[in-house]
Amino acid sequence: MISRDAYKYFEISCQHYLEIDVLLKNGEEVRGFANEIRLIDIMGENREFLVLRQPGMSIDIDLDDVYAMNAATENAHFSYVKIAGKNAAIPYNEKNCAREVKR
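Structure below.
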């Protein structure tokens with residue numbers, strides 16, 4: 001389960017229909033426009049999915065599978081944010097993107 005702090009970056013992406021690159025925990029990367037967060041019932045368990053729009057299709061990504069996301073659309077909220085692991089939900093910018101931020 002992701003933190004509330006991390007969740008807000010998904011919400012921001014959808015509110016502004018940002019084009020984002022999503023890096024999954026398995027190493028796969030997916031690009032698309034953040035459209036909405038959808039609850040999907042999987043075997044009696046509600047899971048949250050990010051819906052990315054691509055030309056002619058949409059992709060549902062389980063939020064628990066996301067490692068990080070990078071904003072391809074310039075915006076005032078974030079450029080890169082790590083969702084899972086150490087230092088999760090800390091937005092990175094050009095000054096600190098090459099290293100992890102110590103708390």
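Count the sequence shown with the working numbering and you get residues 1 to 103, in order. Ideal Cβ placement from N, Cα and C applies to all residues, glycine included. All values reported here derive from a predicted model rather than from experimental measurement.
Does DSSP classify residue i as helix, strand or coil?
i: Ser58; result: strand
i: Tyr9; result: helix
i: Leu18; result: coil
Taking Cβ to Cβ, would you say residue i is nearer than 7 angstroms to residue j?
i: Leu50; j: Ile40; result: no
i: Met69; j: Ile12; result: no
i: Ser79; j: Ala71; result: yes
i: Glu62; j: Arg47; result: It is worth fixing the name first, because residue 62 is Asp in this sequence and not Glu. Yes, they are a contact pair.
i: Gly32; j: Leu52; result: yes
i: Tyr9; j: Val81; result: yes
Hey, residue i and residue j are a contact pair by Cβ (cut 8 angstroms); roughly how many whole angstroms apart?
i: Ala34; j: Leu18; result: 5 angstroms
Which one or two residues does DSSP pair with residue i in a beta bridge?
i: Ala71; result: Ile20
i: Phe49; result: Arg38, Asp62
i: Arg31; result: Asp21
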